[in-house]
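Q: Quick one: the structure is below, and I'll ask about it shortly.
Numbering (this note's numbering), first residue to last: -12 to 240.
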C-alpha cells in the first residue's frame, strides 16, 4: 500500500499543474485540509514542533515525529509527506535508518534539507548527495530542499544563485531525489529559469507578495508549499482572539 501511495504522490508533481500543499501540523489540521479537497497531506516541521511547544531544527524528537505521523495517517487515506528537516541523522547511514522508519510507518514522502540543524551554511554538494542517496535508497519520495536562496540578495546575485541551484539539482537528481524544493524564492525570472533547466520537478514556497498560484503554474512550478504560514496564521488568529476576549470584548467566533 505504501508503494502505491508513493507512486500516486509522485504522479501529482506536474510542471504547470502544480500540487498545492497547505502544510499541516497534526491529525486535526490534516482532517481540515483534506476536507477542503487536498490531493495530499504535508507536514511542516515548524508547525509540528510549535504545536508541542518545541523549536524547529530537529528539537522535536524523532519518536514524536512518528507518533504524530501515525495519528495523521489514521485520519486520512491521502498520501502523506512529512518534513524530516535534515534527515534526523548524524551521517548518511543514520539518515537512511530514520527515513526508512518513515517509509515503514506509511509516509509516501519526506522533505529533507541540504544544511544541518542550526547551521546557515549549506553542506558541500558531495556531503548533501551522500545523505540524499541514503534517504532515496529507502524507496520513499524525497523532496530535496535546496537553500541556495535563503538570505540571499536575488537582485545582485540572481544569475549565480540560479546556476548554483541547478548544479545541486543535477546532483540531487543523480542521488535519486524526486523533486527539488527551492524555498525563499519569489523572483519570477529566477523561478522560471530553474523550472526550465531543472532535471527535477520544482517545488516553490508560496510567499505573500510573490507570484500567485496561477502565476507559479505558468512559470512551470510542479509543487507549491505553504510551509509554516498556515500554522503562523492560525496562532496569530488565536492570539488576537484571546487578546480580544481577555480585554473585555466578545470573540469573532
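Backbone N, C-alpha and C define an ideal beta-carbon position, used for all residues, glycine too. Remember, predicted model here, so these are calculated numbers, not experimental data.
1) For residue 105, does the three-state DSSP call read helix, strand or coil?
2) Could you tell me whether the segment 87 to 104 touches the segment 44 to 57, where touching means 3 or more Cβ pairs closer than 8 Å?
3) With H, G and I counted as helix, E and B as strand and the rest as coil, what does DSSP make of residue -10?
4) So, for residue -9: in the same chain, excluding its five sequence neighbours on each side, which residues have a beta-carbon less than 6 Å away from its beta-carbon?
5) Taking buried to mean at least 16 other C-beta atoms within 10 Å of its own C-beta, is residue 134 buried or exposed?
6) Return the first residue and the last residue of the beta strand (DSSP E) that residue 211 is part of.
7) Evaluate contact between the segment 6 to 24 and the segment 210 to 230, counting only Cβ atoms and requiring at least three cross-stretch pairs below 8 Å.
8) Could you give the first and the last residue of the continuous alpha helix (DSSP H) run that contains residue 88?
9) Buried or exposed for residue 203, going by 16 or more other Cβ atoms inside 10 Å?
10) Hey, which unbroken runs of the alpha helix (DSSP H) at 4 residues or more fall wholly within the segment 128 to 188?
11) Rounding to the nearest angstrom, what Cα-Cα distance links residue 150 and residue 184 in this structure?
12) For my contact list, residue 73 and residue 49 are in at a C-beta cut-off of 8 Å; report their separation, rounded to the angstrom.
13) Name the one or two DSSP bridge partners that residue 29 has.
14) Which residue's Cα is closest to the Cα of residue 199: 180, 144 and 174?
A: In short:
1) Taking the first residue of the chain shown as 1, we reach residue 105 at position 118. Three-state DSSP puts residue 105 in coil, outside helix and strand.
2) yes
3) Position 3 of the chain shown holds residue -10. DSSP places residue -10 in helix when its eight states are reduced to three.
4) Mapped onto the chain shown, residue -9 falls at position 4. For residue -9, where only same-chain residues beyond five positions count, there are no Cβ hits under 6 Å.
5) On the chain shown, position 147 is the one that residue 134 refers to. The residue in question, residue 134, is buried, as its Cβ has 16 or more Cβ neighbours within 10 Å.
6) Here residue 211 corresponds to residue number 224 of the chain shown, with the count starting at 1. Its beta strand (DSSP E) spans residues 210 to 212.
7) yes
8) Working through the chain shown from its first residue, we reach residue 88 at position 101. Element bounds for residue 88: 79 to 92.
9) What you label residue 203 is simply residue 216 of the chain shown in a count that begins at 1. The residue is buried, with at least 16 neighbouring Cβ atoms inside 10 Å.
10) 141 to 161 and 175 to 184
11) The residue you call residue 150 lines up with position 163 of the chain shown. The residue you call residue 184 lines up with position 197 of the chain shown. Taking the straight line from one Cα to the other gives about 10 Å.
12) Here residue 73 refers to the residue found at position 86 of the chain shown. Here residue 49 refers to the residue found at position 62 of the chain shown. About 12 Å; that fails the 8 Å criterion.
13) Here residue 29 refers to the residue found at position 42 of the chain shown. According to DSSP, which records beta bridges pairwise, residue 29 is partnered with 68.
14) Taking the chain shown and counting its residues from 1, one reaches residue 199 at position 212. Cα-wise, what sits closest to residue 199 is 174.
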